Each structure stands twice: as structure tokens, then as C-alpha cells.
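Numbering (the working numbering), first residue to last: 334 to 439. Beta carbons are placed, not taken as given, at the ideal position from N, Cα and C, and that holds for glycine. Keep in mind that this is a model prediction, so the values were computed, not measured. Let me begin by presenting the structure, written as C-alpha cells, before commenting on it.
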């Protein structure tokens, strides 16, 4: 199960039934390559990467080991200082996380 989950393949998982407090076998579907998002935010860089390259990145990412996936995510996420607080109360949040796919040239 863990190997299939790590590779993005379908596998049998389990889900807790809150009423009976027992685990029920549940089929988890494989990870599929989705459509391009329609976001207007330019910081995601969605429109800069061709669909063919996005599919390659998807396949490459799911073929990585767990540790390599962690490194991949760390390189795709950038921590920025919070620009503006929307409430007068003090917040514990110190940073905003911005993410985007990195292509070969980035």
C-alpha cells in the first residue's frame, strides 16, 4: 500500500467510521494529471509552462522517493513576509507561502 501511495497509483486504504469506531476498507484512486488552472494570479506561473512539460513534471514528481518529493516541494515554495494584517488583533502568522512549478530553466 505505501509503495503504491508513494507512486500515485490506486490502492486500498482505510477510513474510520465514527459511529462504530472501526476502520472500513476504502479504495483510493490514482493521482491523475489535471487540467490547467484558470487562476489570474501570475505568481503561480501556470501559463508559462506548456501542457506537455506539465505532464512530464507530474510523472517525474510521482516517480520520486518520499525524501526527493520533500525537496521538490521545498524548492517550489517561497516564504514571504506578511504584507498587511486585515484585523486589529495580533496574529501568530509571520509569513505567507507562495508556490509555483519550476521548469528546467528556473
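Flag this pair as yes or no: are the beta carbons of residue i and residue j separated by less than 9 Å?
i: residue 366; j: residue 338; result: no
i: residue 410; j: residue 430; result: yes
i: residue 384; j: residue 361; result: no
i: residue 341; j: residue 359; result: no
Name, in chain order, the residues that DSSP records as bridge partners for residue i.
i: residue 414; result: 428
i: residue 350; result: 355
i: residue 361; result: 344
Among the options, which has the Cα closest to the Cα of residue i?
i: residue 413; options: 423, 400, 428 and 420; result: 428
i: residue 335; options: 399, 390 and 389; result: 399
i: residue 425; options: 356, 415, 433 and 432; result: 415
i: residue 433; options: 418, 372 and 419; result: 372
Give me the Cβ distance between residue i and residue j, rounded to the nearest whole Å; I'm assuming they're in contact under 8 Å.
i: residue 394; j: residue 402; result: 7 Å
Sorted by chain position, which residues of the same chain lie with C-beta nearer than 6 Å to residue i's C-beta, five sequence neighbours on each side aside?
i: residue 436; result: 382
i: residue 350; result: 357
In its own chain, which residues sit with a C-beta less than 8 Å from the C-beta of residue i, not counting the 5 before and 5 after it?
i: residue 418; result: 424
i: residue 355; result: 349
Using a Cβ-Cβ cutoff of less than 7 Å, which residues in the same chain neighbour residue i once the five nearest sequence positions on both sides are dropped?
i: residue 344; result: 334, 337, 338 and 361
i: residue 295; result: There is simply no residue 295 to check, as the chain begins at 334 and stops at 439 in what is shown.
i: residue 352; result: none
i: residue 391; result: 366
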